[in-house]
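Note that the sequence shown covers residues 7 to 349 in our numbering.
To start, the structure itself, in structure tokens.
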Amino acid sequence: MAKKIAHNLRLFFIPCQENQYRPEFLGSKLLIFGLVILIIAKLLTITFFAYFPKTIFFTDLIAALTRTVLIEMTNQERQEVGVSSLKLDQRLEGAAYLKAQDMMEKDYFAHQSPTGREPWDWLKEVDYNYRYVGENLAIGFLDSEEVVKAWIESPSHRENILNPNFQEMGIAVLRGNFQGSDTTVVVQFFGSPLKEKTIPAKVAEQKEPKKAEPKTPLPSESEIISPEEKILPEEVKEEPTEVSAIEGEKLLVAVPQIETKETTPAFYLFRFMVKDYPDFLQKIIFYFLLLIIIALILNIFIRIDVQDKSLIFKNFILIILLILLTIFDKELIIQLIPHNLLI
């Protein structure tokens with residue numbers, strides 16, 4: 007059995023008298039068929055980046071995938087330089103969502119809004135008291151990795167991502183009409199919170215009502231937040247909110263709740279097609295190319311005196327086409343598709 011397998015492999019790859027010095031592998035229609043399949047698979051990659059992001063069906067999946075990948079890649083960049091990973095904070099995510107929504111509604115792309123609101127104003131709105139704070143923005147992109155690469159290549163954005171002073175982050179991704187065209191905007195907030203302030207002992211004692219006295223009300227917001235950080239909360243209309251009650255000595259405010267679809271089967275399929283599929287396809291093309299090159303080298307040098315020039319020429323053209331497919335990777339595809347990434 008082993009001898010038969012070895013004999014068949016010899017006929018398939020090695021030029022010899024039994025196969026008339028034409029290895030069956032190099033002369034088979036399998037190579038042409040394989041090339042056609044790989045070209046179709048590569049076209050599928052182009053379709054996913056050029057067409058599907060514009061469809062309504064993929065809007066929520068794009069937002070969920072972008073958010074997930076940006077979180078992963080941000081912490082990956084920090085780990086590579088020995089900086090601790092950032093934890094997600096619901097308030098930072100709420101602030102990022104409000105800022106992204108404001109940019110969409112007012113058609114601007116800047117750290118400061120047309121009404122003069124600064125990035126930290128959104129943090130105050132969700133009651134995030136910070137020691138350090140930073141903001142990264144992106145719009146008009148096709149791929150999450152493209153965004154992180156652009157941020158890392160920008161000194162100011164890179165500083166935010168790798169800043170060891172930051173402990174938490176929040177990311178919001180919104181897709182909608184921006185200046186007359188459908189696009190996706192990302193707001194990434196970084197922060198390091200102030201330590202929680204404790205209520206003075208005399209105030210805490212008043213919280214335990216005595217039998218002969220009426221119940222003392224809970225401390226107001228102004229007793230917990232310092233005057234310079236106190237703001238009047240603005241009403242957020244038509245947005246889902248989660249309002250928490252008093253927890254111990256801490257007063258929480260309404261924070262926009264960001265709905266994600268990161269656990270659905272459609273999300274995992276879309277993640278594979280956008281993030282993993284291009285790399286998986288590149289590996290298949292590379293190993294297919296390597297196999298043909300090895301078989302062609304064996305064909306030429308085992309019997310250098312007996313050569314089938316037409317067979318060599320056909321496989322040489324095939325190798326060139328496969329090399330072009332290898333060069334035409336995801337990064338090049340994204341560069342060739344018309345879009346305007348801004349950070």
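Beta carbons are placed, not taken as given, at the ideal position from N, Cα and C, and that holds for glycine.
In the structure shown, TYR293 falls within a helical segment according to DSSP collapsed to helix, strand and coil. Of GLY182, LEU295 and LEU168, the smallest CA-CA separation from GLN85 is found for LEU168. A check of alpha carbon separations from MET109 across LYS336, TYR138, GLY182 and ILE329 identifies GLY182 as the nearest. ALA12 has no beta-bridge partner at all, per DSSP.
The residue from TYR293, HIS345, ALA8 and PRO344 with its alpha-carbon nearest to that of ILE329 is TYR293. For the set ILE326, GLN194 and TYR134, the Cα lying nearest the Cα of ASN81 is the one of GLN194.
The alpha-carbon separation between ASN25 and LEU302 amounts to approximately 15 Å. Within its own chain, the residues whose Cβ lies closer than 8 Å to the Cβ of ILE325, once the five positions on either side in sequence are excluded, are LEU295, ILE298, ILE299 and LEU302, listed in chain order. Counting C-beta pairs with one atom in each stretch, the region 38-49 and the region 149-161 have fewer than three that are closer than 8 Å, which means they do not touch. In the same chain as ILE291, and ignoring 5 residues on each side of it, the C-beta atoms closer than 7 Å to its own belong to LEU44, LEU328, LEU331 and THR332, in chain order. Minimum Cα-Cα distance from ASN171 among the listed residues VAL179, ASP95, VAL89 and THR72 corresponds to VAL89. DSSP places VAL75 in the helix class (H, G or I) of the three-state scheme. With a contact defined as Cβ atoms closer than 8 Å, PRO125 and GLU141 qualify at about 4 Å. For VAL193, the secondary structure class from DSSP, reduced to helix, strand or coil, is strand.
Here LEU348 is near PHE115, since their CB atoms are less than 7 Å apart. Collapsing the DSSP output to three states places GLY40 in a helix. Here HIS117 is exposed. Its C-beta has fewer than 16 other C-beta atoms within 10 Å. Under the three-state reduction of DSSP, ASN81 is assigned to helix. Short of 7 Å from the beta carbon of TYR136, and not among the five residues preceding or following it, lie these beta carbons of its own chain, in chain order: LEU129, GLY197, SER198, PRO199 and LEU200. Counting along the chain, PHE322 sits inside the alpha helix (DSSP H) bounded by residues 315-333. For MET79, the closest of ARG164, SER119 and PHE322 by C-alpha to C-alpha distance is ARG164.
In the DSSP annotation of this structure, the continuous segment of the alpha helix (DSSP H) that includes GLU30 starts and ends at 30-33.
According to DSSP, residue pairing for ARG181 in a beta bridge involves THR190. Taking C-beta atoms as the reference points, PHE286 and LEU67 fail to come closer than 7 Å. Taking the CA atoms as reference points, ARG309 sits about 21 Å from ILE323. Apart from sequence neighbours up to five positions away, the residues of its chain that approach HIS345 with a beta-carbon distance below 8 Å are GLY146, PHE147 and LEU148, ordered along the chain. Our two residues, GLU83 and PRO161, have alpha carbons roughly 14 Å apart in a direct line. Judged by DSSP secondary structure, GLY100 falls within the alpha helix (DSSP H) whose first and last residues are 96-112. Here GLY186 is exposed: its Cβ has fewer than 16 other Cβ atoms, across all protein chains shown, within 10 Å. Annotation for PHE18: GLU30 and PHE31 place their beta carbon closer than 6 Å to its own, counting only its chain and skipping 5 residues before and after. DSSP, reduced to helix, strand and coil, places LEU348 within a strand of the structure shown.
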